[in-house]
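K.L.:
Have a look at the structure that comes next, please.
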Amino acid sequence: VGQSVVIISGGIDLSVGSVLGFSGVVTAVLLNGVLGVTSSVVVGVLVGVACGVLNGLLITKAKLPPFIATLGMMSVARGLAFALTGGETIRNLPAGFLMIGQGSLLGIPIPIVIMAAFAIAIGSLLKATKWGRYTYAIGGNETAAVYSGVNVGAMKILVYGACGLSAGIAGVLFTSRFGVGQSTSGLGYELDVIAAAVIGGISLSGGRGTILGAIIGSLLMGILRNGLVLLNVSAYWQQVAIGLVILLAVVLDRKTKR
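Under our numbering, residues 1 to 258 are what the sequence shown spells out, in order.
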């Protein structure tokens with residue numbers, strides 16, 4: 001969801017997987033006798049937000065291209081995750097925390113409830129608020145948006161902050177779901193989330209796409225991965241297949257845009 005908003009605004013975030021892992025590790029470390037469950041979860045999510053906001057500041061204030069800024073953050077966040085854990089797996093997390101990722105609400109897994117609520121909230125903001133309209137405007141034509149009086153810098157910081165929020169929530173849920181804190185969590189997810197967004201109809205050039213499309217793209221990605229696993233395709237060739245799907249989706253997007 002967060003990556004989708006960034007792409008709609010005409011940007012890209014290569015750090016989402018690393019921020020997911022960093023947020024999860026921070027949460028796990030704090031849960032080991034430092035803070036309670038609620039406080040640890042809040043701090044873990046805020047770590048994701050902080051990384052996203054920092055990406056936005058690097059892009060708007062330091063004038064770094066999104067690719068370079070988020071590539072740097074990808075390395076920094078992953079490095080910090082390894083530094084916090086020493087490469088070790090953090091175990092023995094409290095049962096109250098594990099319930100977040102492993103419990104259910106009315107028969108529906110809690111992670112699905114949380115992410116569905118988040119997707120609905122972001123989708124509604126994109127459709128019904130100035131923030132959403134400005135996000136599409138910046139992605140469609142940033143120069144025109146500037147001349148229209150849009151504070152592009154502030155908007156981009158909010159957009160990348162939202163992406164960081166998404167990664168932070170995902171990091172907490174990932175750690176809770178698997179019951180351990182690992183510095184390798186989310187490794188390689190950058191490609192998956194970009195693929196899901198593109199397959200879901202979000203244009204890499206910005207200005208077009210919906211959160212619903214991104215969700216459908218995520219489901220299709222899941223079907224693709226599960227299908228490849230059932231066919232006993234190795235993980236290496238799975239990455240090749242996903243890369244080809246992205247290329248095909250981009251080519252089709254370019255053709256439809258013309």
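Heads up, the beta-carbon is just placed ideally off N, CA and C, and yes, glycines get one too.
Is DSSP giving Leu54 helix, strand or coil here?
P.N.:
Three-state result, Leu54: helix.
K.L.:
Using the beta-carbon count (16 or more within 10 Å), is Val34 buried or exposed?
P.N.:
exposed
K.L.:
Thinking C-beta only, is Glu190 closer than 9 angstroms to Gly10?
P.N.:
The answer is no: Cβ separation not under 9 angstroms.
K.L.:
Assess contact between the segment 168-181 and the segment 22-38, defined as three or more Cβ pairs (one per stretch) separated by less than 8 angstroms. Is contact present?
P.N.:
In short, these stretches touch, since the Cβ pair count reaches three.
K.L.:
Three or more C-beta pairs closer than 8 angstroms, one from the segment 196-204 and one from the segment 96-114: is that the case here?
P.N.:
no
K.L.:
According to DSSP, simplified to helix, strand and coil, what is Ile12?
P.N.:
coil
K.L.:
Along the chain, where does the alpha helix (DSSP H) containing Pro66 start, and where does it finish?
P.N.:
Looking at the DSSP string, the run of the alpha helix (DSSP H) that includes Pro66 is Pro66 to Thr85.
K.L.:
Spatial neighbours of Val146 within its chain, please: CB distance less than 7 angstroms, with the 5 preceding and 5 following residues excluded, ordered by chain position.
P.N.:
Only Val152 meet the Cβ criterion.
K.L.:
Report the option in Gly56, Asp13, Ser18 and Cys51 whose CA atom is closest to the CA atom of Ala154.
P.N.:
Closest option to Ala154, Cα to Cα, is Gly56.
K.L.:
Counting beta carbon pairs with one atom in the segment 123-143 and one in the segment 67-76, are three or more of them shorter than 8 angstroms?
P.N.:
no
K.L.:
Helix, strand or coil: how does DSSP classify Pro111 here?
P.N.:
Shown here, Pro111 sits in a helix according to DSSP, grouped into three states.
K.L.:
Using only the alpha-carbon positions, how far apart do Ser124 and Leu219 sit?
P.N.:
Each residue's Cα considered, the two are about 20 angstroms apart.
K.L.:
Specify, as a first and last residue, the run of the alpha helix (DSSP H) that Arg304 falls within.
P.N.:
The question about residue 304 has no answer, for the chain in this structure spans 1 to 258.
K.L.:
Judging by CA-CA distance, which residue of Lys130, Gly206, Phe97 and Ile122 is the nearest neighbour of Ser39?
P.N.:
Minimum Cα distance to Ser39 is reached at Phe97.
K.L.:
Just to confirm the assignment, what range does the alpha helix (DSSP H) spanning Leu191 have?
P.N.:
Tyr189 to Ile199
K.L.:
Just verifying my parser: in three-state terms, what is the DSSP assignment at Ser261?
P.N.:
Look at the range of the chain in this structure, 1 to 258, and you will see that residue 261 is not part of it.
K.L.:
Nearest to Met73 by alpha carbon, out of Gly86, Val47 and Arg91?
P.N.:
Val47
K.L.:
Please look up how many angstroms separate the CB atoms of Val1 and Ala81, rounded, as I've assumed it's under 8 angstroms.
P.N.:
Incorrect: roughly 22 angstroms between the Cβ atoms, too far for contact.
K.L.:
Roughly how many angstroms lie between the CA atoms of Ile112 and Val251, to the nearest whole one?
P.N.:
32 angstroms
K.L.:
Could you tell me the alpha carbon to alpha carbon distance between Ile169 and Leu248, rounded to whole angstroms?
P.N.:
Distance between Ile169 and Leu248, taken at the CA atoms: about 30 angstroms.
K.L.:
If you reduce the DSSP assignment to three classes, tell me which class Ser183 lands in.
P.N.:
coil
K.L.:
How far does the alpha helix (DSSP H) with Ser148 in it extend, from its first residue to its last?
P.N.:
First-last for Ser148: undefined, no H or E at that position.
K.L.:
Just to check my reading of the structure: Ala195 and Ile242 have Cβ atoms closer than 8 angstroms, yes? What is that Cβ distance to the nearest angstrom?
P.N.:
5 angstroms
K.L.:
Which of the three DSSP states, helix, strand or coil, is assigned to Ala218?
P.N.:
Contrary to the premise, residue 218 reads as Ser rather than Ala in this sequence. Three-state result, Ser218: helix.
K.L.:
For the candidate residues Ile59, Val180, Leu20 and Val42, whose alpha-carbon lies nearest to that of Glu88?
P.N.:
Val180
K.L.:
Thinking just about the alpha-carbon of each residue, which of Ile246, Val16 and Thr85 is nearest to the one in Cys51?
P.N.:
Val16
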